[in-house]
Amino acid sequence: MRVDQVDFIAKASASLADADGIRSGSASVIENLLRVLGGRFAFVARRRRDSDIAEILAVSGLGAADFRRLEDRISKSGLWKMLHLTSPFVIDSLGEDPVLNFLSFGTGARMLVAVPVKVRGSSVGLIAAAFPEEASTTENEIVKLLTAIAALIAQAMRVEQYVADESRKLAEENVLLKQELKEKYDFHNLVGNSSPMRHIYDQVTQVARSNATVLLRGESGTGKELIANAIHYNSLRSKRPFVKVNCAALPETLIESELFGYEKGAFTGASARKKGRFEMADGGTIFLDEIGDLPPQTQVKLLRVLQEREFERLGGTETIKINVRLITATNKDLEAEIADGRFREDLFYRVNVFTIFLPPLRERKSDILLLAEHFLEKYEREHQKRVRRISTPAIDMLTAYHFPGNVRELENVIERAVIVCDSNVIHGHHLPPTLQTAEVSGTETRMTLASAVEAFERDLIQDTLKSTRGNVAKAAKMLDSTERILGYKIKKYSIDPRRFRK
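Going by this note's numbering, the sequence shown opens with residue 4, and the numbers climb by one from there.
Right, here's the structure in full:
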């Protein structure tokens, strides 16, 4: 193989690697091939995946009319057989070939050499080149060179197919993930049927399909982010980005660059342009959690974004227009913040378009059991435990507690109980100490061994009565005791069996 041919193979490999696709890469390769070997024309054909239809990927040296005829005959008998080659194929007299003879008339080509393009041992196409009678290169050298090029094209085909398959998988996974998110945050999956929560569901239903700015207010842990998710995934923007920003978690020096992005060289360390969260959310929704913690300078820029729907990146002069829906949340008293000069009054009126107040858990006690059972099912599955229910005394302890951490605290309580539970029922002693003692009220008590035994005995009797629906005889049998002894214990602990009857 001549030096110029070796150089050509190296350049062909680089062309296929740098090209945008197999078509442009193959076109560059065969164009250089004709120059190196002195050929008349060349083409690359491929069998389409999962079909019996062939297609031309690239051609060089043919006029428009000859190309159309070649494209038309690509699936005819003669050329189709060539696509199934297992070894190189040579047509010594192209003008006499019944299928491709038209190619010799306008090009002066006499000999055509075709080499199969193989992927994993199977022929998926071919590369062919035609030469005049007085070709400067021997047939053997042509076959060797085309075989080397066919291997490079085969590798490029494999890479392109792999990328296409991965892109398709990612697209399918993306669609599936968005559908799962929409189902997860569907209104019907929100837990709670108390009057305050039913009012919130009505508000979310009203505002979701609009583009109105929403302000979510409530104590920490009441589920503001969950409601924000429900609004987005049930809106007309559900298929577009949903970008979340916790304003309290970002340092004051970084929050502006995070929200609005920056240009290269805007500050020390800005080695490249970076898009901000607003730009990333274009067409979709941006959720600003803890908006009450925004520094005054950022509040001014946010006000302009809400008014004009445009901004400039940090260190830039280009004005960027955006189409984004804003959902904000805070656990602060914004009116008090305005009075103290920490929050702009004009920004408050911009974000306070549609306000939803989320009540603390202590104001919707009837939802505690529903939420507890929801979290029990979730963490039973996550920690691979078989915990089937919560005992009546444990439920009483949950409903009696005021939950300063709201739903988030309840979730943590149930997860801890599932982890430490050594049976299929969560009892009172599985709950954290703050729920078991009077610690939270500031009146700690010292529990003796006798009182601990009595507390456990009381829990066990109440739980058994719940299982038997208040039937004392059945409960005594389950506890391997007598009805008389159990009756004595019930009287001792002031337990009313009728409470457990339905």
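From the three backbone atoms N, C-alpha and C, an ideal C-beta is built for every residue, glycine too.
A quick note: this is a predicted structure, and the numbers were derived from the prediction, not measured.
query, result
"Kindly list the residues whose CB is nearer than 8 angstroms to the CB of L489, restricted to its own chain and excluding five residues on each side of it in sequence; keep chain order.", "I464, V475, A478, A479, L482"
"Only counting runs of 4 or more residues, tell me where the alpha helix (DSSP H) segments fall wholly within the region 217-251, in order along the chain.", "227-236"
"Quick test of your reading: S29 and L60, contact by CB under 8 angstroms. State the CB separation rounded to the nearest angstrom.", "5 angstroms"
"From the DSSP output, read off the bridge partner residues of M114.", "F134"
"For D349, which residues does DSSP report across the bridge?", "According to DSSP, D349 bridges with nothing at all."
"Which class does D21 belong to by DSSP, given the choice of helix, strand or coil?", "helix"
"Helix, strand or coil for I152, going by three-state DSSP, please let me know.", "helix"
"Can you give, in chain order, each stretch of the beta strand (DSSP E) that sits fully within the region 299-330 and has at least 3 residues?", "313-315, 322-324"
"Whose C-alpha, out of L297, K172, G224, is nearest the C-alpha of C250?", "L297"
"Check for me: the beta strand (DSSP E) holding F360 runs from which residue to which?", "357-360"
"Please classify H235 as buried or exposed, where buried requires at least 16 neighbouring CB atoms within 10 angstroms.", "buried"
"Between the region 309-320 and the region 198-211, can you find at least three pairs of beta-carbon atoms closer than 8 angstroms?", "no"
"Classify K267 as buried or exposed, calling it buried when 16 or more other Cβ atoms lie within 10 Å of its own Cβ.", "exposed"
"Considering just the uninterrupted stretch of the beta strand (DSSP E) at F290, what are its terminal residues?", "288-292"
"Counting along the chain, where does the alpha helix (DSSP H) carrying V47 start and finish?", "Note, V47: premise wrong, no alpha helix (DSSP H); beta strand (DSSP E) at 44-50."
"Name the two residues that bound the continuous beta strand (DSSP E) containing F507.", "Lying before the first or after the last residue shown, residue 507 is absent from the chain, which here runs from 4 to 505."
"With a threshold of 16 other CB atoms inside 10 Å of the CB of E293, please say whether the residue is buried or exposed.", "buried"
"Residue ranges of each alpha helix (DSSP H) run of no fewer than 4 residues wholly in the region 446-478, ordered along the chain?", "452-470"
"Restricting to Cα atoms, I'd like to know which of T216, R212, E228, G224 is closest to S241.", "R212"
"Roughly how many angstroms separate the alpha carbons of Y165 and Q310, rounded to a whole number?", "46 angstroms"
"Answer yes or no: does any C-beta atom of chain C fall closer than 8 angstroms to that of T208?", "Of the protein chains in this structure there is only one, and it is not chain C."
"Whose C-alpha, out of I429, K368, K121, is nearest the C-alpha of P396?", "I429"
"Return the chain-ordered list of same chain residues with a C-beta closer than 6 angstroms to the C-beta of I145, the five sequence neighbours on each side being excluded.", "V116"
"Reducing DSSP to helix, strand and coil, say where F263 ends up.", "helix"
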